[in-house]
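In the order they appear, the protein sequences are chains P and D.
My numbering puts the first residue of the first sequence at 1, with every later residue one more than the last.
My numbering puts the first residue of the second sequence at 1001, with every later residue one more than the last.
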Amino acid sequence: MIFRSPVTFQEAIDARRVKAIMPTTGGTSDLARIAPELRERAFFSARTANYDHLSRLNEIINRMVDPDYVTDPSTGERRPRRAGEGMDPSLARMQIRASLAEIGYDPEAAGVRPGSLKDLGSNARIRVILDTNIRQARGYGQFAQGQSEAVLDEWPAQELIRVEDRETPRDWPSIWRTAGGKLVDSGRMVALKNDPVWRAISRFDLPYPPFDYMSGMGVEDVDRDEAVRLGLIDRDTQVPPQDRGFNATLQAALPDPQANTEALLASLQESMGPAVDIAKGIVRFIREAA
Amino acid sequence: MLNVRITVTDFGATSLLNSLRSQKFDDGVRQVAGKAAANTVQKHLRGLDRTRANNLGGKRSHFYSLAALATSFTIDEKGAIVTVAHLGLAQRYYGGTIRPINAKALAIPARAEAYGRRPRDADNPQDLFLRPGKSGRTAALVRRVNKKLEVWYWLVKSVTQTADPTVLPDERTLADSATAATDKYIQRHLDRARQRIFEQGFAKP
């Protein structure tokens, strides 16, 4: 029976809810230095230090991940979306640019070429931000849904596959092999779900897709019969479930978003020590001496 | 005459059946059914993404691929529910009439560069201006390029889309995928339990 009612992908929503806003002057390579477990709990964008803009950007992404619900602007309560309240990518771009205008952002004043990936309001930049954040939330959701004992029993493995064409695809079989993965069955990239290769192929050091920016790659379940045939597992061995600890984070989350940010920044300082300088709620990365 | 007595006692069948009768096992069966159906929906949507690029040839939004990623399942006392939490899929499945809510007209892209972009989101939106409709001609937002007018958006009061049930697999296919997976799951558990019983040996005298 197919029916229509407001629906949620709760695990994907949880992946967004655990995030605290993290203003930063750091670039992409700086942000890659943060431990993946902390990065999962932070919402940031390279060289974006304005808290209010990040907060609006975060809300826009949340609406795209949870399309059937909105936060009522007058009550602050979550309620089902009404007609005309949908957030599509075009509306998202318009609202992001409006937010940048509100904070007086000017790419030239910021020292970046207008229209480039470093321009916070460019099509290219916004596309990468929306694409990466939405896919990470849904990628985590798929991963979490695959972690029950029953599901792991039936589908203990998964395959890295191309789900969207790209003009210039990366050489994923080489990336796979370099990361320690084996090609099976004449070139397929299949591994047990808890195989370290999944984190090793990921630019973000996470065990779920996306594994790189705009990669066009995804995963597909491989059932136990197939996994046995490929020599990856036997009939009875169980793949242990993996828990990213989001439940604990959600329980510990404070009702005030600013307080969540302070807590995150404290964890970041503890984790990275002198590698970061945190002042006035903004994270700056200290370059290591050459 | 030589007789051989076979004594039949409990080979552990009771414990086998008990283990299969647990809430945990029941939940497991439902989870497998839900995941199998969700996987089938995802595969179907990814197939659509490969074959249904937009007719204008504009930059691809990969609508169906993102819908695949938004596919999830939950279980309840009746079984499992697969959901696709992606804006626009229900409209495609059920069809219906779309009318503007926050504007006077719907702006329908007329060229590849306009695909997936509202007029205010287009490049240099200040260059777009209204060409009114008259004498059967549809109103449009146009841009002047080399003394010619290019139509970027058709402006209409409403659009009616026909239902397209092919955006999802048919219910038979979903049911079959769930059944096939749960059959395997249950059979595997029976095989394991049977092996445990065998390894434990038959009843001791």
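Think of the CB as a built atom: it goes at the ideal place given N, C-alpha and C, for glycine as much as any other residue.
C-beta neighbour in chain P for residue i, strict 8 Å
i: D/Ala1181; result: yes
i: D/Gly1058; result: no
i: D/Gln1187; result: no
i: D/Arg1052; result: no
i: D/Ile1108; result: no
i: D/Lys1078; result: no
i: D/Asp1176; result: no
i: D/Leu1069; result: yes
i: D/Ala1193; result: no
i: D/Lys1035; result: yes
i: D/Arg1046; result: yes
i: D/Lys1209; result: No answer is possible for residue 1209 of chain D: the residues shown for chain D start at 1001 and end at 1205.
Distance CB(residue i)-CB(residue j) smaller than 8 Å
i: D/Tyr1064; j: D/Leu1087; result: no
i: D/Thr1071; j: D/Val1041; result: yes
i: D/Arg1111; j: D/Trp1154; result: no
i: P/Thr24; j: P/Ala49; result: yes
i: P/Phe43; j: P/Ala20; result: yes
i: P/Pro67; j: P/Arg135; result: no
i: P/Leu232; j: P/Leu192; result: yes
i: D/Gly1095; j: D/Gln1031; result: no
i: D/Ala1178; j: D/Ala1036; result: yes
i: P/Val222; j: D/Arg1046; result: no
i: P/Gly139; j: P/Phe9; result: no
i: D/His1044; j: D/Pro1169; result: yes
i: P/Ala83; j: D/Ile1186; result: no
i: P/Ile96; j: P/Leu57; result: yes
i: P/Glu154; j: D/Ala1038; result: no
i: P/Asp292; j: P/Gly216; result: Past the edges of chain P, shown from 1 to 290, lies residue 292 of chain P, and the structure says nothing about it.
i: P/Ala266; j: P/Ala137; result: no
Rounded separation between residue i and residue j - CA only
i: P/Val18; j: P/Leu254; result: 10 Å
i: P/Ser291; j: D/Leu1149; result: Outside the modelled stretch of chain P, which goes from 1 to 290, sits residue 291 of chain P, for which no answer is possible.
i: P/Met64; j: P/Asp88; result: 7 Å
i: D/Arg1131; j: P/Gly281; result: 50 Å
i: P/Gly245; j: D/Pro1109; result: 45 Å
i: P/Pro35; j: P/Met22; result: Position check: residue 35 of chain P holds Ala in this sequence, whereas Pro was assumed. Near 14 Å, if we compare the C-alpha coordinates of P/Met22 and P/Ala35.
i: D/Lys1104; j: D/Ile1098; result: 13 Å
i: D/Arg1196; j: D/His1189; result: 11 Å
i: D/Asp1127; j: P/Ser116; result: 22 Å
i: P/Lys118; j: P/Pro274; result: 26 Å
i: P/Ser186; j: P/Pro173; result: 11 Å
i: P/Glu85; j: D/Ala1107; result: 17 Å
i: D/Thr1083; j: D/Ala1175; result: 15 Å
i: D/Ala1218; j: D/Val1145; result: Here chain D covers residues 1001 to 1205 and nothing more, so residue 1218 of chain D does not appear.
i: D/Phe1025; j: P/Gln242; result: 20 Å
i: D/Lys1204; j: D/Phe1198; result: Note on D/Lys1204: pLDDT 40, under 50, position unreliable in the model; no value is reported.
i: P/Gly111; j: P/Gly27; result: 14 Å
i: D/Glu1077; j: D/Asp1191; result: 26 Å
i: P/Arg177; j: P/Ala92; result: 38 Å
i: D/Ser1061; j: P/Glu270; result: 40 Å
i: P/Tyr69; j: P/Gln145; result: 21 Å
i: P/Leu264; j: P/Gln158; result: 33 Å
Any C-beta of chain D under 8 Å from that of residue i
i: P/Ala15; result: no
i: P/Arg125; result: no
i: P/Thr8; result: yes
i: P/Asp225; result: yes
i: P/Gln142; result: yes
Contact list for residue i against chain P, beta-carbon separation under 7 Å
i: D/Leu1190; result: Simply none; closest approach about 12 Å.
i: D/Gln1031; result: Ser148, Ala150 and Val151
i: D/Asn1039; result: Asp221
i: D/Asp1121; result: Ser90, Arg93 and Met94
i: D/Gly1116; result: Pro89 and Ser90
Neighbouring residues, chain D, relative to residue i (Cβ below 9 Å)
i: P/Pro36; result: In chain order: nothing, as chain D lies at least about 20 Å away.
Contact set between residue i and chain P, taken where Cβ atoms lie within less than 9 Å
i: D/Phe1073; result: Gln145
i: D/Ser1065; result: Val163, Glu164, Gly216 and Gly218
Listed by chain order, chain D residues near residue i by CB distance under 8 Å
i: P/Glu11; result: Ser1072
i: P/Gln251; result: Chain D residues near P/Gln251: none, gap ~21 Å exceeds 8 Å.
Per-residue contacts from residue i into chain D (C-beta, under 7 Å)
i: P/Asp68; result: Ala1085
Neighbouring residues, chain P, relative to residue i (Cβ below 8 Å)
i: D/Ile1101; result: Ala83 and Gly84
i: D/Ser1061; result: Pro89
i: D/Leu1128; result: Correct list: empty, because the minimum Cβ distance to chain P is about 14 Å.
i: D/Asp1049; result: Val163 and Glu164
i: D/Gly1028; result: Ser148, Glu149, Ala150 and Asp153
Point to revise | Short-range partners of chain D found in the stretch 80-100 of chain P, where Cβ spacing is below 8 Å | key: Ala83, Gly84, Gly86, Met87, Asp88, Pro89, Ser90, Leu91, Arg93 and Met94
Point to revise | Interface residues of the stretch 1140-1156 of chain D facing chain P [CB-CB below 9 Å] | key: none
Exercise for review: Check each residue of the stretch 154-185 of chain P: if its Cβ is closer than 9 Å to any Cβ of chain D, include it; give the result in chain order.
Suggested key: Glu154, Trp155, Ile161, Val163, Glu164 and Asp165
Practice item. Closer than 9 Å, Cβ to Cβ, to anything on chain D: give me those residues from the stretch 232-243 of chain P, in chain order. Key: Arg235 and Asp236
**Study point:** chain D contacts made by the stretch 125-140 of chain P, where a contact means CB separation under 8 Å
**Key:** Ile134, Arg135, Arg138 and Gly139
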